[in-house]
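Enquirer:
Protein chains: 2
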Amino acid sequence: MKPTVHDIAAHAGVSLATVDRVLNGRAGVRPVTRQKVEAAIEALGFVRDVAAANLAKGRVYSFVFILPANDNSFMQNLRAEVRAAAERGLRERMSLATQDVPAFDVGALVAALERAERERPDGVAFVAIDAPEVRAAADRLMEQGIAVVTLVSDLSGSRRVHFAGIDNIAAGRTAGTLLGRFLGSRPGPVLPLAGSLMVRDHRERLEGFGAVMAQQFAARRILPVREGRDDPAETGRLVEEALRAHPDLAGIYSAGAGNRGLIRALEAQGAGPRPVVIVHELTGATREALSRERIDCVLNQDAGHEVRSAIRVLKAEADGSAVVAAQERIRIDIFLKDNLP
Amino acid sequence: MKPTVHDIAAHAGVSLATVDRVLNGRAGVRPVTRQKVEAAIEALGFVRDVAAANLAKGRVYSFVFILPANDNSFMQNLRAEVRAAAERGLRERMSLATQDVPAFDVGALVAALERAERERPDGVAFVAIDAPEVRAAADRLMEQGIAVVTLVSDLSGSRRVHFAGIDNIAAGRTAGTLLGRFLGSRPGPVLPLAGSLMVRDHRERLEGFGAVMAQQFAARRILPVREGRDDPAETGRLVEEALRAHPDLAGIYSAGAGNRGLIRALEAQGAGPRPVVIVHELTGATREALSRERIDCVLNQDAGHEVRSAIRVLKAEADGSAVVAAQERIRIDIFLKDNLP
DNA sequence: CGATTTCTGATTTACGTACCTCAGAAGTCG
DNA sequence: CGACTTCTGAGGTACGTAAATCAGAAATCG
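Protein chains in written order, with numbering that gives the first Met the number 0: chain A, 0 to 340; chain B, 0 to 340.
1. For valine 31 of chain A, count the other beta carbons within 10 Å of its own beta carbon; 16 or more makes it buried, fewer makes it exposed. Which is it?
2. Which value, in whole angstroms, describes the spacing of the CA atoms of glycine 144 of chain A and glycine 44 of chain B?
3. Less than 6 Å between C-beta atoms, sequence neighbours within five positions excluded: which residues of the same chain meet that for arginine 225 of chain B?
4. Using a beta-carbon distance cut-off of less than 7 Å, what residues from the segment 206-220 of chain A approach chain B?
5. Which term fits histidine 5 of chain B, buried or exposed, when burial requires 16 or more other beta carbons within 10 angstroms of its beta carbon?
6. Identify every run of the beta strand (DSSP E) within the segment 126-167 of chain A, keeping only runs that are complete inside it and at least 3 residues long; order them along the chain.
7. If I'm right that alanine 146 of chain A touches glycine 122 of chain A with Cβ under 8 Å, what's the distance once you round it to whole angstroms?
8. For alanine 170 of chain B, which of B:Gly260, B:Asp295 and B:Glu280 has the nearest alpha-carbon?
9. Whose Cβ in chain B lies nearer than 7 Å to the Cβ of arginine 291 of chain A?
10. When the cut-off is 7 Å and only beta carbons count, does asparagine 71 of chain A lie next to chain B?
11. When you compare the CB of valine 312 of chain B with every CB in chain A, is at least one pair closer than 7 Å?
12. Are there 16 or more other CB atoms within 10 angstroms of the CB of glutamate 327 of chain A, so buried, or fewer, so exposed?
13. Pull up the distance between the alpha-carbon of arginine 33 of chain B and that of valine 21 of chain B, whole angstroms please.
14. Starting from the beta carbon of serine 308 of chain A, find every residue of chain B whose beta carbon is closer than 7 Å, and list them in chain order.
15. Is there a Cβ from chain B that is less than 7 Å from the Cβ of valine 28 of chain A?
16. Return the CA-CA distance between glutamate 203 of chain A and aspartate 99 of chain B, expressed in angstroms with no decimal places.
17. 7 Å is my cut-off, CB to CB: does proline 340 of chain B come that close to chain A?
18. Identify the contact partners of glutamine 326 of chain A in chain B, using a Cβ-Cβ distance below 8 Å as the criterion.
19. Whole angstroms are fine: how far does the CA of glycine 319 of chain A sit from the CA of isoleucine 168 of chain B?
20. Give the residues of chain A in contact with leucine 54 of chain B, contact being defined as C-beta atoms less than 9 Å apart.
21. For arginine 20 of chain B, which three-state DSSP category applies?
22. Closest by CA to leucine 154 of chain B, which one among B:Ala174, B:Glu305 and B:Ala130?
23. Spatial neighbours of aspartate 175 of chain A within its chain, please: CB distance less than 8 Å, with the 5 preceding and 5 following residues excluded, ordered by chain position.
24. Using a 10 Å radius around the Cβ and a threshold of 16 neighbouring Cβ atoms, would you call threonine 97 of chain B buried or exposed?
25. Quick check: the Cα distance between alanine 244 of chain B and leucine 289 of chain B, rounded to an integer number of angstroms?
26. For glycine 88 of chain A, count neighbouring C-beta atoms within 10 Å of its own C-beta (all shown protein chains included) and say buried if the count is 16 or more, exposed if not.
27. Drop a sphere of 10 angstroms on the beta-carbon of glutamate 113 of chain B, count the other beta-carbons inside from all chains shown, and report buried for 16 or more, exposed for fewer.
28. Report the partner residues of glutamine 98 of chain A according to the DSSP bridge assignment.
29. What in chain A is Cβ-close to isoleucine 262 of chain B, meaning under 9 Å?
30. Please report the residue range of the alpha helix (DSSP H) in which valine 342 of chain A lies.
31. Between alanine 169 of chain A and chain B, is there a C-beta pair that is closer than 7 Å?
32. Tell me which residue opens and which closes the beta strand (DSSP E) that phenylalanine 334 of chain A is part of.
33. What residue from A:Asn299, A:Lys314 and A:Ala315 has the CA that sits closest to isoleucine 329 of chain A's CA?
34. Whose CA, out of A:Leu248, A:Arg291, A:Asn53 and A:Ala256, lies closest to the CA of glycine 271 of chain A?
35. Are the C-beta atoms of serine 162 of chain A and some chain B residue less than 7 Å apart?
36. Looking at chain B, is there any beta carbon in it that lies within less than 7 Å of the beta carbon of glycine 250 of chain A?
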C-alpha cells in the first residue's frame, strides 16, 4: 500500500500538521523535527498524491492562449487544437481561455498580454512576434509569477519558461539537404520562397536552408528569396513568374504558407520535368499534392503536440514539478508520399 | 464555478444518491427520473472530476509491461523509459510492473502473459511475437477484461486494443524512396539487411522497401537480403563481405539492429565513395555515425513516446474514456545530420 | 521571574465523488 | 385493499491532502 501523510506522521512521531508544514514548506517547524519528517518520507518512500492534493486545494489551473487571427490552415488547426484541449481540460480542473489578436500586430499582442496579466492566470501561451515591446510585456508577466510559454514562434532574449515549437534553423537545413540530394546532378537554379522575412520562423528556415546550400551544394545557383506574404494568389504569381524566367528551374523551397498557390502554378506548368519541391506544414492542399506527386516533401510541425506540450509545461510550472524534457521537444516531421499519416 | 454532483441533484430536484446512481449506471432509477438527471447534467454542463472520483474509489491503475531481455540499445532504452514512467506513475495512483522474458521465445512470452493474467492487472503491454499461441494468450486476457496493448511489434489478427508502434511498411517505403533519390543516377547495387526475417517488423520494413524499389527505381539492382541476427559482429561481417563482392556497392538499407558492426565495416572501407546508408533506430552509435557523415539517414521510433502512449491508452481503456487518436499515432522520425535532436 | 512571542502539536473541516445503509414513498400484483 | 416489489431520499463515511484553529510548550525579553 502506498504510504500517506498519516503514515509519515506516525512513523516520525509527529502530528499531521507538522508533516503538512514540512511538505508544503511552511514555517513553524524546528530543524530537528523537519529532519525527522524528511527521514520518514525517505524511509517510507512517500510521494504526494497530486489528485488528492489538488482536490483539497480546490485548485483550478487557469491558462490563457493568445492566438493570431490568421486564417491559414495551420492557424485554424492550431485554434482547433486549443479548443479540443480546453474541452478535455474541464475534466482535469483546468480552464483554458483563448484570446484572438490581429496577426503581425505588435501593439495588439502587447495589449492582449496586458489584458491577460490583469486576469492573473497561472500561465500564458502565445505565438510571439519577435519585438522588444512584446519581450517586455512577456517579462512583466513572468515577474508577476505568471508562467509564459511561446508557441510556434519564439521570442528571443525573454525569460519565457519554454518554447513549444520546432527548431526552424534545423528545419531549413533539413530542407536544404533533402533538396540538394534529391536534385543530385540535375542542372538548374533553386527558388526560395517565404511568407515574410519579418517573421522569425521564416527567416530562420531560409537561413538554415541557405547555409546548407552554400556549404554542401555550392555549385547550385540559388535565386533571390521571394516573399509571398503567406497568400496563395501572390505565391502562385511568384512561382509562375519564376517558371517563366527560368525554364530550367530545378527546385523550390517554400518556407512559408500560401502553398495552395504554389501547387496551382505547378499544375499549370506545361511539359518538361517539374522542379523538386519542398514545402512546410501538412494541410489538406499539401497532403493532396504530396500524394499526387506534385511536390516531393512536406516538413511539418504538429500543432496538436505543440498545444499539449505548452499545457503540460505550464501545468508543471504551476505546481513546481518537472517535465519529461524529451517529450516536450517538438519534432520536425518529414513527410514523403510514403509515410503520410 | 464548475458544477458538482450537488448542483445536479438540486437542479434536477432529486437526491445525491439518485444522481450517483445515474452517473455510475447503477440500477434503481426510473427512466423518467433518469432523464431528469441527464437533462440537468446537460443543462449545467457537468463533467465528472476524475481526480476526486479516483480518490473516492481508491482506485490504483495496475499495468504490466512484458519486455524482451534483449541487450541492444533500443530495448535498453525502452526498458529505461518504462522505469521512468513507473516512477512518475507513483504520483498518479498507477503502478507499473515489469516482466522480462527471453527474446524471440514464444513459449516464454505466452507464459509471461499467463502469469500477468493471474495477477489481474487493469492492462498489459508487451512486445509481441507474431505467433498463434501468443495471439490466443492475448485474446484470453482481453476476454478477462484486461486491456492489451502491443508495443513496438504488433500481433496480427488479435483483439488487442491498440498497437503502440510505427507502421513498418511505411518506414520501409520511406527508406526506399530516400535511398533511391539520394542515389540518383549513381550506378551500383543495393544491399538490404535485416536482423531476422522471422520478426514481423523487419519483414515489413523490407517489404515496403522492396515495393518502392521495384516500382520507382526498377533499374536498380537489389542484392538478396542478408540476416545479421541483430548482432554487430555478424552484421559487420556481412557488410565487409558485400563490399568485397561488390566494389561498386551503392547503397545499404539496414532494417534491423546491430548497426555498430555496419558502421565499423564502413569505416574500415578503403578509398572510393562510400555507399549511401540508411539505418533504423537512433542510438549512440548511429547518432555519432550520422553526425560524422558515415551514414546518411536514421529512421527512428521514439521509445519514450511508445511507452507513454501505451500507458495513456491502457488508462483510457481502464476508465472507459476516449484518447486523442492523433496523439497516439507513433511517428516515423526521419533524422538527417541536420535535424538531430 | 513573569510576560510575551515564537514554535509545535492536536484536532477539525473541506474538497468532489463513490458507495453504503436505512427508511419511507411509489408502484405492482393478486 | 393489503402485501409486495421497486424507487427514491436522507444521511453518513471514506479517499488523501490542505489548511485553519486552538492549546500548550519552548524560547526570548525586560
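Yeah, the Cβ is synthetic: ideal placement off N, Cα and C, and Gly gets one too.
Expert: Taking the structure as given:
1. The residue you call residue 31 of chain A lines up with position 32 of the first sequence. Result: exposed.
2. Counting from 1 along the first sequence, the entry for residue 144 of chain A is found at position 145. Counting from 1 along the second sequence, the entry for residue 44 of chain B is found at position 45. Using only the alpha carbons, I get a separation of about 31 Å.
3. The sequence position of residue 225 of chain B within the second sequence is 226, counting from 1. Closer than 6 Å at Cβ, skipping near neighbours: Leu192 and Leu237.
4. Val211
5. Working through the second sequence from its first residue, we reach residue 5 of chain B at position 6. With fewer than 16 Cβ atoms within 10 Å of its Cβ, histidine 5 of chain B is classed as exposed.
6. 146-150 and 161-163
7. To locate residue 146 of chain A, count along the first sequence from 1; it is residue 147. To locate residue 122 of chain A, count along the first sequence from 1; it is residue 123. Yes, alanine 146 of chain A and glycine 122 of chain A are in contact; Cβ-Cβ is about 4 Å, under 8 Å.
8. Translated into positions along the second sequence, residue 170 of chain B becomes position 171. For the residues B:Gly260, B:Asp295 and B:Glu280, the minimum Cα distance to alanine 170 of chain B belongs to B:Glu280.
9. The residue labelled residue 291 of chain A in the question sits at position 292 within the first sequence. Those within 7 Å of arginine 291 of chain A in chain B number zero; the least Cβ separation is about 15 Å.
10. Taking the first sequence and counting its residues from 1, the one referred to as residue 71 of chain A is at position 72. For asparagine 71 of chain A, the answer is no, since every Cβ of chain B falls outside 7 Å of its Cβ.
11. Position 313 of the second sequence, counted from the start, is the residue given in the question as residue 312 of chain B. No, no contact with chain A.
12. The count along the first sequence starts at 1 and reaches residue 327 of chain A at position 328. When all chains shown are included, glutamate 327 of chain A counts as buried.
13. Reading the second sequence from its first residue, position 34 is the one you call residue 33 of chain B. Reading the second sequence from its first residue, position 22 is the one you call residue 21 of chain B. If I take the Cα positions, the gap works out to 6 Å.
14. As a working mapping, residue 308 of chain A is identified with position 309 in the first sequence. Those do not exist, as serine 308 of chain A stays about 11 Å from chain B at its closest Cβ, beyond 7 Å.
15. Walking along the first sequence from the start, residue 28 of chain A turns up at place 29. No, because no Cβ of chain B sits closer than 7 Å to the Cβ of valine 28 of chain A.
16. The count along the first sequence starts at 1 and reaches residue 203 of chain A at position 204. The count along the second sequence starts at 1 and reaches residue 99 of chain B at position 100. Whole-angstrom Cα-Cα distance: 46 Å.
17. As a first step, residue 340 of chain B must be located in the second sequence, where it is residue number 341. Yes, proline 340 of chain B counts as interfacial toward chain A.
18. The sequence position of residue 326 of chain A within the first sequence is 327, counting from 1. The contacting residues are Gly303, His304 and Arg307.
19. By 1-based counting over the second sequence, the position of residue 168 of chain B is 169. By 1-based counting over the first sequence, the position of residue 319 of chain A is 320. Rounded to the nearest angstrom, the two C-alpha atoms are 42 Å apart.
20. Taking the second sequence and counting its residues from 1, one reaches residue 54 of chain B at position 55. Per Cβ cutoff of 9 Å: Asp48, Ala50, Ala51 and Leu54.
21. Residue numbering aside, residue 20 of chain B sits at position 21 when the second sequence is read from its first letter. It is helical.
22. In the second sequence, the residue the question calls residue 154 of chain B occupies position 155. It is B:Ala130.
23. Counting from 1 along the first sequence, the entry for residue 175 of chain A is found at position 176. At residue 175 of chain A the sequence reads glycine, which differs from the aspartate that was named. So the list reads Gly207, Phe208, Gly209, Ala210, Val211, Met212, Gln215, Phe216 and Tyr252, once near-sequence residues are dropped.
24. On the second sequence, residue 97 of chain B is found 98 positions in, with the first residue counted as 1. It counts as exposed.
25. Here residue 244 of chain B corresponds to residue number 245 of the second sequence, with the count starting at 1. Here residue 289 of chain B corresponds to residue number 290 of the second sequence, with the count starting at 1. The straight-line gap from Cα to Cα measures roughly 25 Å.
26. By 1-based counting over the first sequence, the position of residue 88 of chain A is 89. Buried, since its Cβ has 16 or more Cβ neighbours within 10 Å.
27. The count along the second sequence starts at 1 and reaches residue 113 of chain B at position 114. Flag for glutamate 113 of chain B reads exposed.
28. Residue 98 of chain A sits at position 99 when you count from the first residue of the first sequence. In DSSP, glutamine 98 of chain A forms a bridge with A:Ile65.
29. By one-based count along the second sequence, residue 262 of chain B stands at place 263. Simply none; closest approach about 20 Å.
30. No information on residue 342 of chain A is available, as it lies outside the stretch 0 to 340 that chain A covers here.
31. Against the first sequence, residue 169 of chain A aligns to sequence position 170. At least one chain B Cβ lies under 7 Å of alanine 169 of chain A.
32. Position 335 of the first sequence, counting from 1, holds the residue named residue 334 of chain A. That run of the beta strand (DSSP E) goes 332-334.
33. For the purposes of this step, residue 329 of chain A is identified with residue 330 of the first sequence, where counting begins at 1. Closest option to isoleucine 329 of chain A, Cα to Cα, is A:Asn299.
34. Within the first sequence, numbered from 1, the residue matching residue 271 of chain A stands at position 272. Out of A:Leu248, A:Arg291, A:Asn53 and A:Ala256, A:Leu248 has the C-alpha closest to the C-alpha of glycine 271 of chain A.
35. Here residue 162 of chain A is taken as the residue at index 163 of the first sequence, counted from 1. First, the residue type needs correcting, since residue 162 of chain A is phenylalanine and not serine in the sequence shown. No, phenylalanine 162 of chain A lies away from the interface with chain B (no Cβ there is under 7 Å from its Cβ).
36. What you label residue 250 of chain A is simply residue 251 of the first sequence in a count that begins at 1. With 7 Å as the cut-off, glycine 250 of chain A does not count as an interface residue toward chain B.
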